[in-house]
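Q:
2 protein chains.
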Amino acid sequence: MPTEERQLRADAARNRARLIEAATSLFRERGLEVGVAEIAEAAGVGRGTLFRNFASKEDLIAAIVAELMDEACERGRELLDAADADGALFEFLAEMLGRQQHDRAVTDAIDDTWLAREEIRDAHAEVVGVLDALVTRAQREGTVRGDIGAMDVLMLFKGLCSAAAAFAHLDSSLIDRQMDLLRASITADPVATPLRGRTPTLEQLDAAEIS
Amino acid sequence: MPTEERQLRADAARNRARLIEAATSLFRERGLEVGVAEIAEAAGVGRGTLFRNFASKEDLIAAIVAELMDEACERGRELLDAADADGALFEFLAEMLGRQQHDRAVTDAIDDTWLAREEIRDAHAEVVGVLDALVTRAQREGTVRGDIGAMDVLMLFKGLCSAAAAFAHLDSSLIDRQMDLLRASITADPVATPLRGRTPTLEQLDAAEIS
DNA sequence: CATTAAGTGGACCGGCCGGTCCGGTTGTGT
DNA sequence: ACACAACCGGACCGGCCGGTCCACTTAATG
Chain B
693 MPTEERQLRA
703 DAARNRARLI
713 EAATSLFRER
723 GLEVGVAEIA
733 EAAGVGRGTL
743 FRNFASKEDL
753 IAAIVAELMD
763 EACERGRELL
773 DAADADGALF
783 EFLAEMLGRQ
793 QHDRAVTDAI
803 DDTWLAREEI
813 RDAHAEVVGV
823 LDALVTRAQR
833 EGTVRGDIGA
843 MDVLMLFKGL
853 CSAAAAFAHL
863 DSSLIDRQMD
873 LLRASITADP
883 VATPLRGRTP
893 TLEQLDAAEI
903 S
Chain H
693 MPTEERQLRA
703 DAARNRARLI
713 EAATSLFRER
723 GLEVGVAEIA
733 EAAGVGRGTL
743 FRNFASKEDL
753 IAAIVAELMD
763 EACERGRELL
773 DAADADGALF
783 EFLAEMLGRQ
793 QHDRAVTDAI
803 DDTWLAREEI
813 RDAHAEVVGV
823 LDALVTRAQR
833 EGTVRGDIGA
843 MDVLMLFKGL
853 CSAAAAFAHL
863 DSSLIDRQMD
873 LLRASITADP
883 VATPLRGRTP
893 TLEQLDAAEI
903 S
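Which chain is which? The protein sequence lines are B and H, in order.
Number 895 in this note's numbering belongs to position 203 of the first sequence; there are no gaps in the numbering.
Number 881 in this note's numbering belongs to position 189 of the second sequence; there are no gaps in the numbering.
#1: Roughly how far, in whole angstroms, is the beta-carbon of Leu873 (chain H) from the beta-carbon of Val845 (chain H), given that I think they are within contact range, below 8 Å?
#2: Quick check on the DSSP output: what are the complete alpha helix (DSSP H) runs of length 4 or more inside the segment 799 to 866 of chain H, in order along the chain?
#3: Please name the residue, chosen from H:Ile840, H:Glu770 and H:Ala817, that lies closest to Val757 (chain H) on a Cα-to-Cα basis.
#4: Step through the CB atoms of chain B and report whether any lies within less than 9 Å of the CB of Met847 (chain H).
#5: Out of curiosity, what's the CA-to-CA distance linking Gln793 (chain H) and Asp803 (chain H)?
#6: Short of 6 Å in beta carbon distance, which residues of its chain neighbour Gly841 (chain B), apart from the five on each side in sequence? Order them along the chain.
#7: Kindly indicate which three-state DSSP category Arg720 (chain H) falls into: helix, strand or coil?
#8: Less than 9 Å between the C-beta atoms of Arg888 (chain H) and Asp863 (chain B), yes or no?
#9: Does the Cβ-Cβ distance between Phe859 (chain H) and Met847 (chain B) come in under 9 Å?
#10: Which residues bound the alpha helix (DSSP H) around Thr741 (chain B)?
#11: Return the CA-CA distance between Ala704 (chain H) and Leu718 (chain H), expressed in angstroms with no decimal places.
#12: For a test of the three-state rule: what should DSSP assign to Ser748 (chain B), helix, strand or coil?
#13: Quick check on DSSP: helix, strand or coil for Gln793 (chain B)?
#14: Mind checking which residues open and close the alpha helix (DSSP H) that includes Ala729 (chain H)?
#15: Rounded to whole angstroms, what's the CA-CA distance from Thr879 (chain H) to Thr741 (chain H)? Just pull it up for me.
#16: If you draw a straight line from the alpha carbon of Ile812 (chain B) to that of Arg708 (chain H), how long is it in whole angstroms?
#17: Drop a sphere of 10 angstroms on the beta-carbon of Thr885 (chain H), count the other beta-carbons inside from all chains shown, and report buried for 16 or more, exposed for fewer.
#18: Mind listing which residues of the segment 850 to 872 of chain B have their C-beta closer than 7 Å to chain H's C-betas, in chain order?
#19: Closer than 8 Å by beta-carbon distance: list the chain H residues that pair up with Leu939 (chain B), in chain order.
#20: Please list the residues of the segment 812 to 826 of chain H that have a C-beta atom closer than 8 Å to any C-beta atom in chain B, keeping them in chain order.
#21: Relative to the C-alpha of Ala774 (chain H), which candidate in H:Arg837, H:Glu833 and H:Arg744 has its C-alpha closest?
#22: Quick one: is the Cβ of Asp814 (chain H) within less than 8 Å of any heavy atom of the ligand COA?
#23: Could you please tell me which residues of the segment 771 to 782 of chain B, in chain order, have their CB closer than 9 Å to any CB of chain H?
#24: For Arg796 (chain H), count neighbouring Cβ atoms within 10 angstroms of its own Cβ and tell me buried if that reaches 16, exposed if not.
#25: Look at Ala732 (chain B) and Leu711 (chain B) and say whether their C-beta atoms are less than 9 Å apart.
#26: Alpha carbon to alpha carbon, how far is Asn745 (chain H) from Ala734 (chain H)? Give it in angstroms, no decimals.
#27: Quick one: measure Cβ to Cβ for Ala780 (chain B) and Leu826 (chain B), integer angstroms, because I've assumed they're closer than 8 Å.
#28: Would you check if the distance between the CB atom of Leu852 (chain H) and the CB atom of Gly821 (chain B) is smaller than 9 Å?
#29: For Arg800 (chain H), which of B:Ser854, B:Gly790, B:Arg837 and B:Gly768 has the nearest alpha-carbon?
#30: Less than 6 Å between C-beta atoms, sequence neighbours within five positions excluded: which residues of the same chain meet that for Ser877 (chain H)?
#31: With H, G and I counted as helix, E and B as strand and the rest as coil, what does DSSP make of Arg708 (chain H)?
#32: Is it buried or exposed for Gly738 (chain H), if we count other Cβ within 10 angstroms and need 16 for buried?
#33: Which residues in the same chain have their Cβ closer than 6 Å to the Cβ of Arg829 (chain B), if we skip the five residues on either side of it in sequence?
#34: Thinking C-beta only, is Asp762 (chain H) closer than 9 Å to Ala815 (chain H)?
#35: Run through DSSP, which three-state label would Leu887 (chain B) get?
Now the structure itself:
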């Protein structure tokens, strides 16, 4: 139903596109807490126009975050074709991290509250799926330890992004070190540093998230 | 000057104590975003009384967070006398993590915005100091890699707490795994997984935070 | 008990934010 | 050119939150 409900008028379509563009760039730069007033202003339209296209701010966020997550999936799938398996996984994480430093939208959305939204949960599941493929491949062909899963890596990543945001004033070399430490943790010897519990499957995640 | 500016009246002292108690427990349970109205109500006083004791909500938060950070330091110093060095460091981190899962106040405060406040910055510096002592001792006598510093560990920890908060719906075994992964990263072989850059000193941190 | 200054708390203020509404505008089919 | 529906946008609403104010209460003192 996003295709065309009833053929928008030319100006309406243009305004909708501007809105999406403005919201995307503002959410990226400053996170999901930017106000609707600012988004409408940046798009050069009134607030009423925003709410005619998206019934609530939440809907707007869901639409844009899902789109951004899809982009990430795209890139992840490209990297699945890369030569070395380790490289693909870490390249993916490094790229995402690099983006998140100037793009807080997706990181903000990886969170209990937003994962309750269906669109975001679906897009998120897709991301986990791609990440799982990257992790599995790296485990088979690379040096990544066998006892972790996509969800473990995603949590590490989410933590790294949050920490990076909290210490934004520090220069980026700290972030580089954190990324290296993340790498160290998921390439460590599983015998020397055993993990408690087991990594959850996607189904378990969905079940938990719905509850 | 917190001792006694002018000898409080009995009821005033009692109300102040109630406010601190209520604010501490609410901040712990639900983070720093709880409203002043709720705090005053929980303390059984009016909002005016709250603002007479603390000029702003920010002042209230600063006072309470500094106190909580001091408590953490206390515990850290106790553990410095513990038998094994590794154990002390990880016991400290595990305890803090366990607390943070039901005590969001300190985690919320480890953040650019709040570290700008002098009291919090001072208390935070103290925490980093204790953590540095624990790390250094573990490096000398334990298996912790030599190329990390207190700040690296603190960032890992902050990340872990943020991720835990974001995925609060999942059962705690995921958090245990993350803690184990943290341990893996800081006990990994520095040659096999080298780190870029260098860990910052406390002085560099202060300089960066003031700017 | 009387006096008084310290203390109290709830009404009130202003600003912010998500969301609604409607008088005016503009694209579009005839 | 006309008419009409689709569309626009800013004025407006209600709720929330940090913070102020002042008429009233109460602890301390002699």
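Cβ coordinates follow ideal geometry from the N, Cα and C atoms, glycine included.
Only a predicted model underlies this, so the values are computations on that prediction, with no experimental measurement involved.
A: So, to answer that:
#1: Contact flag wrong, Cβ pair sits at about 13 Å.
#2: 804 to 807, 810 to 833 and 842 to 858
#3: Per the C-alpha coordinates, the member of H:Ile840, H:Glu770 and H:Ala817 positioned closest to Val757 (chain H) is H:Ala817.
#4: yes
#5: 17 Å
#6: Excluding positions up to five away in sequence, the list reads Thr891.
#7: Secondary structure at Arg720 (chain H): helix, using DSSP grouped into helix, strand and coil.
#8: no
#9: yes
#10: Arg739 to Asn745
#11: 21 Å
#12: coil
#13: Helix at Gln793 (chain B).
#14: Val728 to Ala735
#15: Distance between the alpha carbons of Thr879 (chain H) and Thr741 (chain H) is about 50 Å.
#16: 45 Å
#17: buried
#18: Lys850, Gly851, Leu852, Ser854, Ala855, Ala858, Phe859, Ala860, His861, Leu862, Ser865, Leu866, Asp868, Arg869, Gln870 and Asp872
#19: Chain B is shown only over 693 to 903; residue 939 (chain B) falls outside these bounds and no answer can be derived.
#20: none
#21: H:Glu833
#22: For the structure depicted, the ligand COA is absent and the ligand set is empty, with no information on it obtainable.
#23: none
#24: Buried, since its Cβ has 16 or more Cβ neighbours within 10 Å.
#25: yes
#26: 16 Å
#27: 6 Å
#28: no
#29: In the sequence as presented, Arg is not what sits at residue 800 (chain H); that position holds Asp. Ranking B:Ser854, B:Gly790, B:Arg837 and B:Gly768 by CA distance to the CA of Asp800 (chain H) puts B:Ser854 first.
#30: none
#31: DSSP places Arg708 (chain H) in the helix class (H, G or I) of the three-state scheme.
#32: exposed
#33: Excluding sequence neighbours, Arg829 (chain B) sits near Ala777.
#34: yes
#35: If DSSP states are grouped into helix, strand and coil, Leu887 (chain B) belongs with coil.
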